[in-house]
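Peer 1:
There are 2 protein chains.
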Amino acid sequence: MNDPIPLDLVRLRRSCAECSLQQLCLPAGIEGDDLRRLEDVVQRRRPLEAGDRLFRVGDALQSVFVASEGTIKTVGISEAGEEHVLGFHLPGELFGLDAIGTGYHRCEAIALGKARVCELPFNELAVVAAQLPSLQRQLLRVMGQSSDRDQDHLDVLTRRQASERIALFLQGLSQRYRRIGQPGDEFQLPMSREEIARHLGLAVETVSRSFSRLHEEGVIAVRGRWVHIIDVAGLNAAASGCEVEAKRVEVVRAEKARSPR
Amino acid sequence: MNDPIPLDLVRLRRSCAECSLQQLCLPAGIEGDDLRRLEDVVQRRRPLEAGDRLFRVGDALQSVFVASEGTIKTVGISEAGEEHVLGFHLPGELFGLDAIGTGYHRCEAIALGKARVCELPFNELAVVAAQLPSLQRQLLRVMGQSSDRDQDHLDVLTRRQASERIALFLQGLSQRYRRIGQPGDEFQLPMSREEIARHLGLAVETVSRSFSRLHEEGVIAVRGRWVHIIDVAGLNAAASGCEVEAKRVEVVRAEKARSPR
DNA sequence: CGTCGACTTGACTAAAATCAAACCCGGTGG
DNA sequence: CCACCGGGTTTGATTTTAGTCAAGTCGACG
Numbered sequence: 001m002n003d004p005i006p007l008d009l010v011r012l013r014r015s016c017a018e019c020s021l022q023q024l025c026l027p028a029g030i031e032g033d034d035l036r037r038l039e040d041v042v043q044r045r046r047p048l049e050a051g052d053r054l055f056r057v058g059d060a061l062q063s064v065f066v067a068s069e070g071t072i073k074t075v076g077i078s079e080a081g082e083e084h085v086l087g088f089h090l091p092g093e094l095f096g097l098d099a100i101g102t103g104y105h106r107c108e109a110i111a112l113g114k115a116r117v118c119e120l121p122f123n124e125l126a127v128v129a130a131q132l133p134s135l136q137r138q139l140l141r142v143m144g145q146s147s148d149r150d151q152d153h154l155d156v157l158t159r160r161q162a163s164e165r166i167a168l169f170l171q172g173l174s175q176r177y178r179r180i181g182q183p184g185d186e187f188q189l190p191m192s193r194e195e196i197a198r199h200l201g202l203a204v205e206t207v208s209r210s211f212s213r214l215h216e217e218g219v220i221a222v223r224g225r226w227v228h229i230i231d232v233a234g235l236n237a238a239a240s241g242c243e244v245e246a247k248r249v250e251v252v253r254a255e256k257a258r259s260p261r
Numbered sequence: 262m263n264d265p266i267p268l269d270l271v272r273l274r275r276s277c278a279e280c281s282l283q284q285l286c287l288p289a290g291i292e293g294d295d296l297r298r299l300e301d302v303v304q305r306r307r308p309l310e311a312g313d314r315l316f317r318v319g320d321a322l323q324s325v326f327v328a329s330e331g332t333i334k335t336v337g338i339s340e341a342g343e344e345h346v347l348g349f350h351l352p353g354e355l356f357g358l359d360a361i362g363t364g365y366h367r368c369e370a371i372a373l374g375k376a377r378v379c380e381l382p383f384n385e386l387a388v389v390a391a392q393l394p395s396l397q398r399q400l401l402r403v404m405g406q407s408s409d410r411d412q413d414h415l416d417v418l419t420r421r422q423a424s425e426r427i428a429l430f431l432q433g434l435s436q437r438y439r440r441i442g443q444p445g446d447e448f449q450l451p452m453s454r455e456e457i458a459r460h461l462g463l464a465v466e467t468v469s470r471s472f473s474r475l476h477e478e479g480v481i482a483v484r485g486r487w488v489h490i491i492d493v494a495g496l497n498a499a500a501s502g503c504e505v506e507a508k509r510v511e512v513v514r515a516e517k518a519r520s521p522r
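Have a look at this one:
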């Protein structure tokens, strides 16, 4: 609605050197002059509001992005017009690489809530990377990490049990939150059930039911978008498909004890 | 069993400049001296036999690879010990990038039959790429294409209907065969049903049944690993989930007409 | 307080997994 | 030459699971 308040402007100008994500992001391991040259490439952006788009399908590659606050989702659109969520990008995570192969974006990037990103014009980045071996190495590494997240997603999607997918999804989020210094056992989901469903290839109802079941089993506590991971071992078990059965039997038994008949 | 015959040795030595895949592979758009410098990095390999492994989970990143003849599969292994097939790599396709993020391979690469690959020691490649902007650009592009294939795979896995997954899988293979100058409408599958199943997140039986159904519908002809795509439009329809219904109804009707009662 | 959207829950249905049994085909050895 | 394996593959019957449709419930917000 109104212009960014002064504080925002200050943060907007904040350099990579001062950024709390520095060690997780592209600048990791880059120092001195090299870091300053990288900073010249990085454009900091005005805050994004929920639903704001950074790029759309078919847009020519201009920049790649790093989330710096909030969460961005990337969404692919099938010919039938169905959307599926390719990834959720937390602070420090690079995205927008999908355009590198063809030169055009294959998906679109949308802010899930108030968010902020750093934009890196790709051509400039490539030029500077060619000049700075440390940056080239780091760029490749960060690109690789981005592929690793895609791989993890793939891993999740090959699981047949909905409960496994949900458990793995939560585990993954948990780890990623810890990585950025936030509690991994208690957090607010930045995305809706619908978005989780379209990320995991499930129906919304199935997502909801899986959450409920994990809750009943005492593995997690959920209330709306608030999640608390109570039993890490239990979540691991659920993620690998085994022992969940035993757990459930236990719960059912407890239930029967409470209300015989 | 016995040593490679002389012909093989000749092919082994063949340079990128003489390679039929040149325009599809890393050297595309690289010429003269630059090409010679790239060739210095590329190591050509002895032929691989079915089941030969190029790297295993946990191996440190040494090289990335390009298939040059035959097909290589990459296989990820879940904690539970289940294998799932991450990708099939046809001639001209780069793989082994999975180690770039962490420095260690997350999957293993196995030849599906007699095959041949070009090996590119990653560090050398990175050094040369830093010196040759054309190679750096091309390397990024080829890496992007590799991600694009992963993305396509992901696309396939989010489809709920088994028939859609199979149809998309066949479409994808068809395109990729055409790309390397082989007929896209008639080919031998280099992989088993089991491997297809583990690639698509389905049971073997489901894969088999889906093939059979597409066959009955007259969309494709299958006999063992031999596949002939008869009705491209039909395959497209099956891939996007719609109209298959109509097709099937038709077939059922025809069936009834043939054997009333 | 009412309304709207997001989420949950239940009943039913459709689809794929599973279990089990044949089948096909290339290779082996009698 | 043919009988007999044994793998990969197909097919059938049954069970399990998630999808679908339809009601609710919850919670934020005007």
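Protein sequences, first through last, are from chains A and B.
Taken in order, the first sequence gives residues 1 to 261; the numbers are from my numbering.
Taken in order, the second sequence gives residues 262 to 522; the numbers are from my numbering.
Ideal placement from N, C-alpha and C gives every residue a C-beta, glycine not left out.
1. How long is the line joining the alpha carbons of S324(B) and R223(A), rounded to whole angstroms?
2. To the nearest angstrom, how far is the alpha carbon of I481(B) from that of A498(B)?
3. Could you please give me the residues that DSSP links to I333(B) through a beta bridge?
4. On the premise that T102(A) lies in contact with D409(B), defined as a C-beta separation below 8 angstroms, what is that separation, rounded to the nearest angstrom?
5. Do C25(A) and G92(A) have their CB atoms nearer than 8 angstroms?
6. Take every Cβ of the region 121-131 of chain A, pair it with every Cβ of the region 379-387 of chain B, and state whether three or more of those distances are shorter than 8 angstroms.
7. Got a sec: is the Cβ-Cβ distance from P91(A) to anything in chain B below 8 angstroms?
8. Spell out whether any CB of chain A is found under 8 angstroms from the CB atom of L401(B).
9. Beta-carbon within less than 8 angstroms of T206(A)'s beta-carbon, same chain only, minus the 5 sequence neighbours each way: which residues are those?
10. Taking 7 angstroms as the cut-off, is the CB of S63(A) close to at least one heavy atom of the ligand MN?
11. Under a CB-based cut-off of 8 angstroms, is S339(B) close to chain A?
12. With burial defined as no fewer than 16 other Cβ atoms inside 10 Å of the residue's Cβ, what is the status of R367(B): buried or exposed?
13. My output table needs one value for L315(B): the three-state DSSP class, helix, strand or coil.
14. May I ask you to list, following chain order, the residues of the region 190-202 of chain A that have a beta carbon less than 7 angstroms from some beta carbon of chain B?
15. Examine chain A for any beta-carbon lying closer than 8 angstroms to the beta-carbon of D294(B), and answer yes or no.
16. Residues in its own chain within less than 6 angstroms of W487(B) by CB, not counting five upstream and five downstream?
17. Count the other C-beta atoms from every protein chain shown that fall within 10 angstroms of the C-beta of R176(A), then say buried if there are 16 or more, exposed otherwise.
18. How long is the line joining the alpha carbons of C357(B) and E216(A), rounded to whole angstroms?
19. List the residues of chain A that L358(B) touches, going by C-beta distances under 8 angstroms, in chain order.
20. So R254(B) contacts chain A; which residues on that side make the cut at Cβ distance below 9 angstroms?
21. Have a look at Q282(A) and E31(A) and give me their C-alpha separation to the nearest angstrom.
22. Give me the subset of the region 297-321 of chain B whose CB atoms are less than 9 angstroms from a CB atom of chain A, sorted by chain position.
23. Look up R272(B) in the DSSP assignment and say whether it is helix, strand or coil.
24. Below 8 angstroms on the Cβ atoms is my contact criterion, and I expect H89(A) with I72(A) to pass it. Report the Cβ-Cβ distance as a whole number of Å.
25. Quick check: E195(A) and V85(A), are their CB atoms within less than 8 angstroms of each other?
26. Identify, in the order they occur along the chain, each residue of the same chain with its Cβ nearer than 7 angstroms to the Cβ of A239(A), setting aside the five sequence neighbours on each side.
27. Looking at the strands, I want to know which residues DSSP matches up with S324(B).
28. Does V227(A) come out as helix, strand or coil in the three-state DSSP assignment?
29. Going by beta-carbon coordinates alone, are S369(B) and F316(B) separated by less than 8 angstroms?
30. Can you tell me which of the three DSSP states Q449(B) falls into?
31. DSSP three-state call for V493(B): helix, strand or coil?
32. Are G51(A) and S134(A) close, meaning C-beta to C-beta below 8 angstroms?
33. At 9 angstroms on the CB atoms, spell out the chain A contacts of S395(B), in chain order.
34. What residues of chain B sit near H228(A), judged by a beta carbon separation below 8 angstroms?
35. Cβ of A80(A) within 8 angstroms of Cβ of G502(B)?
Peer 2: Per the coordinate set shown:
1. Distance between the alpha carbons of S324(B) and R223(A): 47 angstroms.
2. Separation of I481(B) and A498(B) (C-alpha to C-alpha, rounded to the nearest whole angstrom) is 13 angstroms.
3. H350(B) and A372(B)
4. With 8 angstroms as the limit, D409(B) and T102(A) qualify as a contact, their Cβ atoms being about 7 angstroms apart.
5. yes
6. no
7. no
8. yes
9. A162 and A197
10. Among the ligands in the structure shown, none appear at all, so the ligand MN cannot be discussed.
11. yes
12. It counts as buried.
13. strand
14. G201
15. So no, D294(B) is outside the interface.
16. Q449
17. By the neighbour-count criterion, in which 16 or more other beta carbons inside 10 Å mark a residue as buried, R176(A) falls on the buried side.
18. Just to set this straight, residue 357(B) is Gly in the shown sequence, not Cys. Cα to Cα, the separation comes out at about 42 angstroms.
19. G144 and S147
20. The question about residue 254(B) has no answer, for chain B in this structure spans 262 to 522.
21. Any property of residue 282(A) remains undetermined from this structure, which presents chain A solely from 1 to 261.
22. Nothing from the region 297-321 of chain B brings a Cβ to less than 9 angstroms from some Cβ of chain A.
23. The predicted model places R272(B) with a pLDDT of 47, which falls under 50 and marks its position as unreliable; any figure quoted below should be read in that light. Three-state result, R272(B): helix.
24. 4 angstroms
25. yes
26. E164, A167, L168 and Q171
27. P382(B)
28. Of the three classes helix, strand and coil, the one that applies to V227(A) here is strand, per DSSP.
29. Here residue 369(B) is Glu; the residue named in the question, Ser, does not match the sequence. Yes, these two residues count as a Cβ contact at 8 angstroms.
30. strand
31. helix
32. no
33. Residues of chain A whose Cβ lies closer than 9 angstroms to the Cβ of S395(B) do not exist; the shortest such Cβ separation is about 11 angstroms.
34. Neighbours of H228(A) on chain B: none; closest Cβ ~24 angstroms, over 8 angstroms.
35. yes
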